[in-house]
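Below is one structure; the comments refer to it alone.
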Amino acid sequence: MILEKTKIAFQKLFPVPDSEDVPVEEEPKETKTSSPPRENGILERDYNVHGYHLDIQLSPDQLTEAVTIVDELEFFLETITGVDWIKENQLELIYDFSRYDFDTCRVVIRTRVDRDNPIVPTITPIYAGANWHERETHDFFGIQFKGHPHLIPLLLPEDADFHPLLKDFKA
Numbered sequence: 001m002i003l004e005k006t007k008i009a010f011q012k013l014f015p016v017p018d019s020e021d022v023p024v025e026e027e028p029k030e031t032k033t034s035s036p037p038r039e040n041g042i043l044e045r046d047y048n049v050h051g052y053h054l055d056i057q058l059s060p061d062q063l064t065e066a067v068t069i070v071d072e073l074e075f076f077l078e079t080i081t082g083v084d085w086i087k088e089n090q091l092e093l094i095y096d097f098s099r100y101d102f103d104t105c106r107v108v109i110r111t112r113v114d115r116d117n118p119i120v121p122t123i124t125p126i127y128a129g130a131n132w133h134e135r136e137t138h139d140f141f142g143i144q145f146k147g148h149p150h151l152i153p154l155l156l157p158e159d160a161d162f163h164p165l166l167k168d169f170k171a
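Just so it is clear: in the sequence shown, position 132 is 132 by UniProt numbering, and no numbers are missing.
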């Protein structure tokens, strides 16, 4: 039941013109390949294969609204991490949300930013626990979280001028 409720809540972020019923995309059948990022939208995934139920790709300007949706549906934030897609000159942020009550549901929210200008809005006002995750992601990938209350290094020295999880980082 929570899965259906979550899908319906997210479909307002991806309106389809001249359509009353917006179907959730089926999971692609291809194997893993190096391909350009998929279009923004919702994919329903097989939990037994992927470990989550919904995979949501969106633009950075939709992030705050998407996180507000999972908050209102009483999900909790598990983690935030990044991926450096150096060939595409992009950084991807991955947010994992879960709800474990009578009806387990896991949601992954993804957004991509340009490596040369990696800025996304903070979600700390919505999930206070995101503070630490955003600081760690900033340390390792250099992503700026606009509006973050205290974006100082969490694990690296304060004078560090490098981000060790970027693929072009040289130790």
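We put the beta carbon where it would ideally sit given N, CA and C, even for glycine.
{"Check": "Neighbourhood of Pro125 by C-beta, 6 Å cutoff - its chain only, sequence neighbours within 5 removed", "Outcome": "none"}
{"Check": "Endpoints, the beta strand (DSSP E) within which Asp96 is located", "Outcome": "Gln90 to Arg99"}
{"Check": "Three-state class that DSSP yields for Leu54 in the structure shown", "Outcome": "strand"}
{"Check": "Assigned secondary structure, Asp46 (DSSP; H/G/I helix, E/B strand, else coil)", "Outcome": "coil"}
{"Check": "Per-residue burial, Ile143 [other beta carbons within 10 Å of its own, 16 or more giving buried]", "Outcome": "buried"}
{"Check": "Per DSSP, cross-strand counterpart(s) of Gln144", "Outcome": "Ile119"}
{"Check": "Touching by the beta-carbon criterion (3+ pairs, under 8 Å), the region 126–133 and the region 148–166", "Outcome": "yes"}
{"Check": "Coil, strand or helix - Ile80 by DSSP", "Outcome": "strand"}
{"Check": "Bridge partners - Arg110, DSSP secondary structure assignment", "Outcome": "Gln57 and Ile94"}
{"Check": "Val22 in three-state terms, based on DSSP", "Outcome": "For Val22, the predicted structure reports a pLDDT of 47, less than 50, and the residue's modelled location is therefore unreliable. A value from the coordinates is still provided. Looking at Val22 - three-state DSSP - the assignment turns out to be coil, as it is neither helix nor strand."}
{"Check": "Thr104 classed as buried or exposed, judged by whether at least 16 other C-beta atoms fall within 10 angstroms", "Outcome": "exposed"}
{"Check": "Best match in Gln90, Phe97 and Ile86 for proximity to Ala66 [C-alpha to C-alpha]", "Outcome": "Phe97"}
{"Check": "Sub-7 Å separation of Asp84 and Lys5 beta-carbons", "Outcome": "no"}
{"Check": "Length of the line joining the Cα atoms of Gln57 and Asn40", "Outcome": "5 Å"}
{"Check": "Distance, Tyr47 Cα to Phe76 Cα", "Outcome": "18 Å"}
{"Check": "Option in Glu72, Arg99, Asp61 and Leu13 with minimal Cα separation from His53", "Outcome": "Arg99"}
{"Check": "Arg115 vs Asn89 beta-carbon contact at 7 Å", "Outcome": "yes"}
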